Structures are given as structure tokens and as C-alpha cells.
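Have a look at the structure below before the remarks.
Now the structure itself:
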């Protein structure tokens, strides 16, 4: 299937709203929702999504999942070199304690969960350094 009506936009909501007056059929947030003020983003997106549209959050973030041994060791190395506080722009990042599903369930959007097929991630040093 070929799709010709996809428009990519990279930026924040404030900039988009100042430049455009269009609504989205679909907003996709992949591997980034945990970096955002999730409640505020969903509130703002609700007004920008068409009545039959939606938001797709693509992520495998599990706040209650215990890190594996190698992940714990990696976190120790990151802490050694970056410190206990993880900087994200001008703020300090901390992993959210509430899962994405709960945030979505409490928003104006209707929550639908689709399970992705099982997948395996093979980590390399380069991938770890770029995605820690």
C-alpha cells in the first residue's frame, strides 16, 4: 500500500499552532512520550486531532519492569560519567512512574491498546551510546 498524504513535521506544538491551522488525522509519538509533559501534550493534541483521528504512542516503556543485570551496570556507568541527575535540555529528566496507558486512559482520548508482535533488540556499543 502506498500512502501519499503523510506530512512530516518536526518541532513543538506551540510552533506548529503558530504556523498552521490544520488538524491531524493521526499523531505518532515513537520512543519520545516519556520525555514530554504527557498530560499537557495530550490535552493540547486533543484540540488538534480530527474527530475520527487519534494519537499513536509507540514505545515499550515499562516503569515497573526491573532492569536486567547489564542494564543496571550500564546505568552505573552513565551515573559515573553524567552524575545522578540526567539532564534533558535545560531540565532534569526522571523516568515517569505512571505508565503511558494510565496517562492516556485519564485523557480525553479513547484508549485502545494494540499489542505489537514480539521483537528482540540486539544491543551494540554504538546503539547503547546513542540510546542510553
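In our numbering, the protein residues as written are -4 to 127.
Beta carbons: idealized from backbone N, C-alpha and C, even for Gly.
Here the structure is a predicted model, which is why all the values come from computation and not from measurement.
Nearest to residue 95 by CA position, among 76, 11, 89 and 106, is which residue?
As a working note, residue 95 is residue 100 in the chain shown. That would be 106, whose Cα lies nearest to the Cα of residue 95.
Are the region 68 to 79 and the region 28 to 37 touching, with three or more C-beta to C-beta distances below 8 Å?
no
My assumption, with CB atoms under 8 Å, is that residue 58 sits in contact with residue 112. Please give the rounded CB distance.
Here residue 58 refers to the residue found at position 63 when the chain shown is read from its first residue. Here residue 112 refers to the residue found at position 117 when the chain shown is read from its first residue. No, residue 58 and residue 112 are not in contact; Cβ-Cβ is about 23 Å, not under 8 Å.
DSSP beta-bridge partners of residue 53
Counted from its first residue, the chain shown places residue 53 at position 58. In the DSSP output, where bridge partners are listed per residue, residue 53 has 25.
Per DSSP, residue 114 is paired with what?
As a position in the chain shown, residue 114 is number 119, starting the count at 1. In the DSSP output, where bridge partners are listed per residue, residue 114 has none listed.
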